[in-house]
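Reading through the structure tokens given below for one structure.
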Amino acid sequence: MDRRNFLLASTAGAAALGVTGLSLAKGKAQTASGFDRTNDVTARSPRMTSGPTREFRLVAAPGEAEVGPGEVYRNWMYNGEYPGPEIRVKEGERLRIVVENKTPEGTTVHWHGVPVPNAVDGVPGLTQAPITPGESFTYEFEADPAGSYIYHSHFGLQIDRGLIGPLVIEEKTPHVTYDRDYVLVLDDYLAGDPQSLSSTSARRGMMGDGQEGGRRRWWGGGRQGGGMMGGMMDMERQMPSYQGLLIGGKLPTDPRVFETRSGERIRLRFINPSGASTLRAAIGGHRMTVTHCDGRPVEPVTVDSLILGAAERYDVIVEASNPGVWPIMIATTQNNVPPGRAVLRYTDAAASTLRDGMPEGFRGGRQLYYQDLQSLETLPQGKPDRVFDLMLRGGMMGSAWTINGQVYPDADPLIIHQGEHIRFRMRNRSMMVHPMHLHGHFFRLGNALKDTVLVQGHMGRAEFDFVADNPGRWFFHCHNIYHMEAGMAREVRYV
Ligand SMILES: [Cu+2]
14 MDRRNFLLAS TAGAAALGVT GLSLAKGKAQ TASGFDRTND VTARSPRMTS GPTREFRLVA
74 APGEAEVGPG EVYRNWMYNG EYPGPEIRVK EGERLRIVVE NKTPEGTTVH WHGVPVPNAV
134 DGVPGLTQAP ITPGESFTYE FEADPAGSYI YHSHFGLQID RGLIGPLVIE EKTPHVTYDR
194 DYVLVLDDYL AGDPQSLSST SARRGMMGDG QEGGRRRWWG GGRQGGGMMG GMMDMERQMP
254 SYQGLLIGGK LPTDPRVFET RSGERIRLRF INPSGASTLR AAIGGHRMTV THCDGRPVEP
314 VTVDSLILGA AERYDVIVEA SNPGVWPIMI ATTQNNVPPG RAVLRYTDAA ASTLRDGMPE
374 GFRGGRQLYY QDLQSLETLP QGKPDRVFDL MLRGGMMGSA WTINGQVYPD ADPLIIHQGE
434 HIRFRMRNRS MMVHPMHLHG HFFRLGNALK DTVLVQGHMG RAEFDFVADN PGRWFFHCHN
494 IYHMEAGMAR EVRYV
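Numbering (this note's numbering), first residue to last: 14 to 508.
Structure representation (structure tokens):
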């Protein structure tokens with residue numbers, strides 16, 4: 014028994030770890046040994062000490078990808094892959110990524126979640142000029158801290174053209190042990206070209222005046238389903254009528270297969286670079302022990318389902334203790350888009366047919382809530398130096414989504430100073446959920462560190478705190494790209 018096993022097998026160790034409800038209850042100390050809080054995850058090496066430089070090249074260009082049998086997705090993608098190629102490096106390495114633009118539009122790449130230097134954050138008009146067609150731009154930054162991230166275009170609606178991909182920075186000393194490590198890129202599938210709300214409204218002769226009141230009458234409870242035509246908008250929900258959901262770029266008709274063997278522990282990194290969709294994820298026959306949220310380590314907590322807003326990520330450990338062929342399912346929480354499905358397959362299972370039925374996580378079971386998340390890192394404490402109250406509004410037939418009544422880019426920057434403790438208090442007076450994302454910083458939400466938070470519709474609230482420790486001009490916005498494009502964004506400016 015090594016040191017980790019010893020720590021976890023002992024009662025005191027298990028209590029200190031806060032994982033007594035985990036696998037120890039099943040008398041499986043060997044599996045519980047995968048969690049180790051003795052690694053000081055906060056003691057990261059300083060950012061200046063860089064390891065070897067890892068070079069990557071991303072070519073954004075028109076391409077084709079088969080998402081299902083006979084179903085070819087034609088849009089723009091990185092290196093001809095959809096989703097883009099997995100970029101995987103080790104904590105402390107240096108990343109140099111040359112992005113070449115072979116699309117007919119400008120583009121940029123944003124490294125969602127990584128607190129990069131401002132100049133390589135990839136926000137057009139704020140941190141850089143768009144990379145024009147035929148040109149390239151080199152992004153260079155430290156791979157720090159470790160985590161599961163997303164890279165994506167930050168130009169217009171290009172996320173829903175397919176310009177997305179996973180970025181994994183592996184820990185030197187993870188607080189979990191596992192035998193396999195898979196990234197599950199979850200995505201809403203839009204076969205046509207994405208269209209902005211304003212252009213759709215304009216085309217339909219329904220220019221909004223920016224107010225919600227009264228609009229509801231027009232639409233009543235009626236559904237404005239866009240049908241199966243690519244690019245159609247679901248006007249009631251103000252998001253595209255997606256054709257389906259993808260895991261790893263595949264529809265359920267040709268699902269991705271993730272293999273395991275009995276007795277293994279699998280790390281699954283769920284990342285959601287969807288254009289607009291909030292997703293529920295669950296696995297048939299298995300529970301999931303959440304170990305990281307938005308890439309940051311948390312006390313392991315075991316659940317049956319996860320809710321992932323656009324741009325959110327969760328890492329989970331799954332214990333392969335139920336041999337068979339099981340569905341990994343995702344479904345939107347917002348509308349009637351058909352569910353997505355991948356497959357978890359035991360290579361040593363006798364049966365080879367997929368188990369039927371909904372995973373427990375879709376029939377009740379325990380869902381992960383933000384309150385379940387307990388960070389393993391140092392969190393900002395105490396009173397804020399500066400508080401911003403931010404009202405999120407818009408929707409219905411209007412074409413604008415606003416923060417305190419202002420439509421980005423015609424909006425005041427939120428001014429902060431280096432070293433300050435900042436609090437954002439958000440209230441949502443619209444009907445729709447908003448995944449709000451702050452660039453360049455992790456923030457404290459409850460007892461967790463995150464970079465994206467879902468603010469629920471119908472007067473939902475959320476507040477987060479962060480320390481102003483990364484100077485620059487940073488974007489703060491709704492990660493539903495249609496809302497972002499229609500104004501739900503602000504600049505956070507250090508002065
Ligand atoms: Cu939004």
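Glycine included, each C-beta is placed from N, C-alpha and C at the ideal position.
DSSP state of E153 mapped onto helix, strand, coil: strand
For my contact list, M501 and T415 are in at a C-beta cut-off of 8 Å; report their separation, rounded to the angstrom. 7 Å
Name the DSSP bridge partner or partners of S160? For the sequence presented, residue 160 should be read as Gly rather than Ser. DSSP lists I182 as partners of G160.
For a test of the three-state rule: what should DSSP assign to E476, helix, strand or coil? strand
Let me know the secondary structure DSSP gives H496 once reduced to three states. helix
Within 10 Å of its beta-carbon, does E504 have 16 or more other beta-carbons around it, so buried, or fewer, so exposed? buried
For E84, the first and last residue of its enclosing beta strand (DSSP E): 84 to 91
Taking C-beta to C-beta, are S334 and H299 nearer than 9 Å? yes
Residues that D74 bridges to, as DSSP identifies them: A small fix is needed here, since residue 74 is Ala in this sequence, not Asp. M90.
Would the beta-carbon of R368 fall within 9 Å of that of F401? no
Nearest residue (CA-CA) to H450, options V466, A363, P128, N460: V466
For a quick check, are the C-beta atoms of L281 and V329 less than 9 Å apart? yes
R503 by DSSP, collapsed to three states: which one? strand
Own chain partners of V72 with C-beta closer than 7 Å, once the 5 adjacent residues on each side are dropped: Y91, N92, E113, K115
Restricting to runs no shorter than 3 residues, where is the beta strand (DSSP E) found entirely within the segment 320 to 388? 326 to 332, 338 to 345, 353 to 359
Can we count P448 as close to ligand 1, meaning its CB is less than 8 Å from some heavy atom? yes
Can you name, in chain order, every residue of its own chain whose Cβ lies under 7 Å from the Cβ of E68, other than the five neighbours on each side? R109
Just checking my contact of N493 with V468 at CB under 8 Å: how many whole Å lie between their CB atoms? 11 Å between Cβ atoms; not a contact.
Taking the Cβ atom as the reference point for each residue, do V127 and I182 lie within a distance shorter than 9 Å? yes
On the criterion of 16 or more Cβ atoms from any shown chain inside 10 Å, does D425 qualify as buried, or is it exposed? exposed
Can you grab the Cα-Cα spacing for the pair D478 / Y164, in whole Å? 24 Å
Between which residues of its own chain and G226 is the CB-CB distance below 8 Å, once the five residues before and five after are set aside? No answer about G226 holds up, because its pLDDT of 30 lies below 50 and its placement is not dependable.
Count Cβ pairs between the segment 338 to 354 and the segment 426 to 435 that sit closer than 8 Å; are there 3 or more? no
Buried or exposed: which applies to K263, given that a residue is buried once 16 or more other Cβ atoms fall within 10 Å of its Cβ? buried
Burial state of D361 (16 or more Cβ within 10 Å): exposed
Within a Cβ cutoff of 8 Å, which residues of the same chain sit near Q387, ignoring the five residues on either side of it in sequence? G31, V311, E312, V314, N460, A461
Hey, is N348 close to ligand 1, as in C-beta under 8 Å from one of its heavy atoms? no
Please name the residue, chosen from M445, D192, E99, Q394, that lies closest to V198 on a Cα-to-Cα basis. E99
Tell me whether L170, by its Cβ, gets closer than 8 Å to a heavy atom of ligand 1. no
Quick check on G407: does DSSP put it in helix, strand or coil? strand
Express the C-alpha separation of H471 and S275 in angstroms, rounding to a whole number. 45 Å
CA-CA distance, H447 and W124? 20 Å
Please state whether the Cβ-Cβ distance between Y191 and P179 is less than 9 Å. no
Regarding H496 and ligand 1, is the C-beta to nearest heavy atom distance less than 8 Å? yes
Can you round the beta-carbon distance between G297 and P372 to whole angstroms, since I take them to be within the 8 Å contact cut? 4 Å
Among all the DSSP beta bridges, which residues are the ones paired with G81? E84
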